[in-house]
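Trainee: The following block contains the structure, expressed as structure tokens.
2 protein chains.
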Amino acid sequence: MPTKLAFIGLGVMGEPMAGHLLAAGNTVAVHTRSKSKATRLLTRGARWADSSADAARGAEVIFTCLPDTPDVEHVLLGEKGIIEGISAGSVVIDHSTISPERTRELATILFHKGCALLDAPVSGGDLGARNASLAIMVGGDAKAFARVEPYLRCMGKTVVHCGPSGAGQLTKLVNQILVSVTNLAVCEALSFAKKHRLNLDKTIDILSAGAAGSWQLANLGPRMVNGDFRPGFTIDLQQKDLRLVLESASDGKLSLPAASLVQQLFAAAQAAGHGKDGTQALYCVLEKLSSLH
Amino acid sequence: MPTKLAFIGLGVMGEPMAGHLLAAGNTVAVHTRSKSKATRLLTRGARWADSSADAARGAEVIFTCLPDTPDVEHVLLGEKGIIEGISAGSVVIDHSTISPERTRELATILFHKGCALLDAPVSGGDLGARNASLAIMVGGDAKAFARVEPYLRCMGKTVVHCGPSGAGQLTKLVNQILVSVTNLAVCEALSFAKKHRLNLDKTIDILSAGAAGSWQLANLGPRMVNGDFRPGFTIDLQQKDLRLVLESASDGKLSLPAASLVQQLFAAAQAAGHGKDGTQALYCVLEKLSSLH
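Residue numbers (the numbering used here), protein chains in the order written: chain C, 131 to 423; chain V, 131 to 423.
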């Protein structure tokens with residue numbers, strides 16, 4: 131008999147992820163705020179659930195993929211939330227990027243209901259979600275992870291158990307520090323190169339092969355140079371994640387000068403109307419600071 | 131008849147670089163401050179020159195590899211400098227990382243003597259120098275570059291003509307912005323991970339494959355984790371290069387907030403006695419800021 135799954139939150143990430151679970155032959159109940167976003171999945175055989183509680187009812191594994199911490203709290207614990215429908219022994223897998231501290235508290239609540247919550251934030255963007263090539267960073271009970279790993283492998287190429295509850299979220303935040311500050315490195319390097327009239331494409335090419343090389347340089351550098359600010363990952367979402375970083379840093383008494391700086395420069399990008407652009411639009415801020423337009 | 135070359139400055143980079151030119155069958159005159167550093171090359175057939183002028187006499191191509199701008203000025207224009215021995219038609223190739231603005235002035239002086247100066251700073255460290263796998267970034271006259279390119283290919287794997295005089299230095303400085311700020315990204319990411327008790331080796335491993343990946347993360351990250359601060363490239367030298375970056379930025383009216391920040395944090399590393407350590411010792415400063423010892 132096919133496993134009964136539920137998927138809640140069918141945004142740009144969740145919809146294709148749920149599609150992979152469906153394609154693998156599972157029965158999937160789906161719920162999301164706007165039913166229209168479920169249309170394609172419903173025509174492919176997914177069952178519409180009128181609430182998160184309804185989706186969770188009878189499901190062995192329940193996936194959530196939501197924007198922020200309050201959304202996950204609401205879907206899990208709010209009126210007609212998962213907690214009202216879930217059965218003991220089920221596993222909730224949260225693909226959202228949210229507070230690691232709050233994740234641990236939510237996991238404890240579910241534990242007392244006889245269920246497990248795994249935090250499983252992803253990286254790889256909408257392209258990774260569509261191609262099932264996501265990196266999935268998982269925190270929580272190792273036995274629950276082993277049980278659900280095959281489902282995660284339907285959606286991701288790199289699936290890693292990072293440690294106890296919250297460790298997936300923390301690993302994702304480490305990722306966000308790296309991508310943001312490295313992005314800033316690329317912005318400053320290219321604005322220096324532009325001001326000094328170097329050939330920017332050639333410069334990216336030469337430097338990508340050596341100690342200066344990074345995914346950000348090779349992938350976002352050319353888009354900065356070409357003024358292509360279409361979002362792979364938006365500045366608004368990056369700012370949400372940097373907020374989580376800085377919250378987790380203040381709780382942990384950490385000093386992160388560069389992460390704080392890049393958060394302020396992203397705020398300038400948002401002020402200039404670049405919130406819905408890709409993170410490479412940070413380059414516009416650096417150009418503006420040096421009158422490079 | 132073999133080409134007559136001269137090599138001035140036999141430090142950790144220059145000595146193996148001159149060795150490759152010798153191995154390729156050229157006659158090489160060498161000069162450096164301490165004659166003892168030339169011993170190996172002399173036993174292999176290099177000719178000792180008592181001064182830079184003496185080395186330059188009769189040489190078609192003269193290579194310099196020196197610590198900083200004043201050293202290049204002295205070797206080129208000072209007493210018994212290259213300028214006293216050089217013949218019209220010769221090419222000087224400067225492998226030092228020095229001021230791009232001063233480079234242009236020096237090139238003009240040589241131009242009026244009927245000679246060319248190519249700026250040709252390298253990246254790849256002492257290992258790259260020994261393995262002839264350096265990246266060599268060249269600025270200056272294109273015809274002079276074409277003429278000397280075969281010699282550069284004895285020493286480097288990537289040899290690129292970046293543009294007019296100074297463009298090699300500027301490209302190297304773009305490289306230094308990237309390596310420094312990306313290094314800081316890695317330091318902050320790992321100090322966040324350490325404070326939150328993530329498995330650091332695993333975290334580096336997971337994140338290296340995706341959008342957070344960089345040469346700095348993959349190569350310096352593990353050394354930070356293992357407390358291995360042996361120098362590939364020292365903080366003192368990195369600071370010299372960041373000084374050149376910030377000088378060239380102020381001349382060009384550029385705002386480089388992250389490059390300035392990392393320069394200040396490297397200053398803290400120097401204050402703590404890490405000047406002769408590798409750039410990965412920047413991690414010690416971030417650890418100290420967050421009491422992570």
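Don't be surprised by glycine CBs; every beta carbon is placed ideally from N, CA and C.
Do the segment 190-208 of chain V and the segment 221-237 of chain V make contact, defined as three or more Cβ pairs closer than 8 Å?
Mentor: Touching, yes, given that three or more Cβ pairs across the two stretches are closer than 8 Å.
Trainee: Measuring only between beta-carbons, confirm whether residue 364(V) sits less than 7 Å from chain C.
Mentor: Answer no: the Cβ-Cβ gap between residue 364(V) and chain C never drops below 7 Å.
Trainee: Bridge partners for residue 293(C) per DSSP, in chain order?
Mentor: DSSP output for residue 293(C) lists 269(C) as bridge partner(s).
Trainee: Taking just the CA atoms, how far does residue 342(C) sit from residue 156(V)?
Mentor: Distance between the alpha carbons of residue 156(V) and residue 342(C) is about 33 Å.
Trainee: Compare the C-beta of residue 385(C) with all C-beta atoms of chain V and state if any pair is closer than 7 Å.
Mentor: Taking Cβ atoms only, chain V reaches closer than 7 Å to residue 385(C), which makes this a yes.
Trainee: Quick check on this structure: which residue in 311(C), 280(C), 154(C) has the alpha carbon closest to the alpha carbon of residue 319(V)?
Mentor: The residue with the shortest Cα to Cα distance from residue 319(V) is 311(C).
Trainee: When you compare only the Cα positions, how much space is there between residue 373(C) and residue 171(V)?
Mentor: Those two C-alpha atoms are separated by around 57 Å.
Trainee: Please go through the same chain and pick out, in chain order, the residues whose beta-carbon is closer than 7 Å to the beta-carbon of residue 333(C), but skip the five residues on each side of it.
Mentor: Closer than 7 Å at the Cβ level, and outside the excluded window around residue 333(C), lie 323.
Trainee: Quick check: the Cα distance between residue 405(V) and residue 263(C), rounded to an integer number of angstroms?
Mentor: Their Cα atoms are separated by approximately 42 Å.
Trainee: Counting only Cβ pairs nearer than 8 Å, list the residues of chain V close to residue 346(C).
Mentor: Per Cβ cutoff of 8 Å: 341, 344.
Trainee: Where does residue 204(C) sit, in a helix, a strand or coil, going by DSSP?
Mentor: The answer is helix: DSSP assigns residue 204(C) an H, G or I state.
Trainee: Does DSSP put residue 116(C) in a helix, in a strand, or in coil?
Mentor: With chain C covering 131 to 423 only, the question about residue 116(C) has no answer from this structure.
Trainee: May I ask you to verify whether the segment 295-307 of chain C touches the segment 288-300 of chain V, counting CB pairs closer than 8 Å and requiring at least 3?
Mentor: No, because fewer than three Cβ pairs between the segment 295-307 of chain C and the segment 288-300 of chain V fall closer than 8 Å, the two stretches do not touch.
Trainee: Taking residue 332(V) as part of the alpha helix (DSSP H), name the residues at either end of that continuous run.
Mentor: First-last of the alpha helix (DSSP H) with residue 332(V): 330-338.
Trainee: Going along the chain, which residues of the segment 364-383 of chain V sit with their C-beta nearer than 9 Å to a C-beta in chain C?
Mentor: So the close ones are 375, 378, 379, 382, 383.
Trainee: Does the pairing of the segment 354-364 of chain V with the segment 267-287 of chain C give three or more beta-carbon distances under 8 Å?
Mentor: No, the segment 354-364 of chain V is not in contact with the segment 267-287 of chain C.
Trainee: Apart from the five residues just before and just after residue 393(C), which ones in its own chain have a Cβ nearer than 6 Å to its Cβ?
Mentor: Cβ neighbours of residue 393(C) beyond the five flanking positions: 372.
Trainee: In chain order, what residues of the same chain lie with their CB nearer than 6 Å to the CB of residue 232(C), ignoring the 5 residues before and after it?
Mentor: Taken in chain order, the residues that qualify are 199.
Trainee: Starting from the beta carbon of residue 321(V), find every residue of chain C whose beta carbon is closer than 7 Å, and list them in chain order.
Mentor: Those are 384, listed as they occur along chain C.
Trainee: Tell me which same chain residues have a C-beta within less than 8 Å of the C-beta of residue 427(V), skipping the five on either side of it?
Mentor: Beyond the ends of chain V as shown, which are 131 and 423, falls residue 427(V); an answer cannot be given.
Trainee: So what does residue 345(V) bridge to, in DSSP terms?
Mentor: Answer is none; residue 345(V) lacks a bridge partner.
Trainee: On the three-state DSSP scale, how would you describe residue 454(C)?
Mentor: What the structure shows of chain C is the stretch from 131 to 423, and residue 454(C) is not part of that stretch, so it cannot be assessed.
Trainee: Let me know the secondary structure DSSP gives residue 142(V) once reduced to three states.
Mentor: Reduced to three states, the DSSP call for residue 142(V) is coil.
Trainee: Show which residues of chain C have a CB atom less than 9 Å away from the CB atom of residue 329(V).
Mentor: Chain C residues near residue 329(V): 292, 293, 297.
Trainee: Which residue from 184(C), 362(C), 272(C) puts its Cα closest to that of residue 260(C)?
Mentor: Checking every option, the nearest Cα to that of residue 260(C) belongs to 362(C).
Trainee: Would DSSP call residue 254(C) helix, strand or coil?
Mentor: The answer is coil: DSSP assigns residue 254(C) none of H, G, I, E or B.
Trainee: Can you tell me where the alpha helix (DSSP H) with residue 425(V) in it begins and where it stops?
Mentor: Since the first residue shown for chain V is 131 and the last is 423, residue 425(V) is missing from the structure and cannot be characterised.
Trainee: Using the Cα positions of residue 215(C) and residue 166(C), report the straight-line distance between them to the nearest angstrom.
Mentor: Each residue's Cα considered, the two are about 23 Å apart.
Trainee: Have a look at the DSSP bridge pairing and note the partners of residue 246(V).
Mentor: The partner list for residue 246(V) (beta bridge, DSSP) reads 221(V).
Trainee: Where residue 390(V) and residue 220(V) are concerned, what is the direct C-alpha to C-alpha distance, given to the nearest angstrom?
Mentor: Going from the Cα of residue 390(V) to the Cα of residue 220(V) covers about 39 Å.
Trainee: Based on the DSSP secondary-structure assignment, which residues constitute the bridge partners of residue 177(C)?
Mentor: Note: residue 177(C) sits in a beta bridge opposite 159(C).
Trainee: Tell me the DSSP secondary structure of residue 416(V) in three-state form.
Mentor: Residue 416(V) falls in the helix class under three-state DSSP.
Trainee: Kindly indicate if chain C contains any beta-carbon less than 7 Å away from that of residue 312(V).
Mentor: Taking Cβ atoms only, chain C reaches closer than 7 Å to residue 312(V), which makes this a yes.
Trainee: In this structure, how does DSSP classify residue 137(C) when only helix, strand and coil are distinguished?
Mentor: DSSP places residue 137(C) in strand when its eight states are reduced to three.
Trainee: Using C-beta distances below 7 Å, list every residue in its chain close to residue 218(V), excluding the 5 sequence neighbours before and after it, in chain order.
Mentor: So the qualifying residues of the chain are 243, 244, 245.
Trainee: If you measure beta-carbon to beta-carbon, which residues of the segment 137-161 of chain C are closer than 7 Å to chain V?
Mentor: So nothing in the stretch comes that close.
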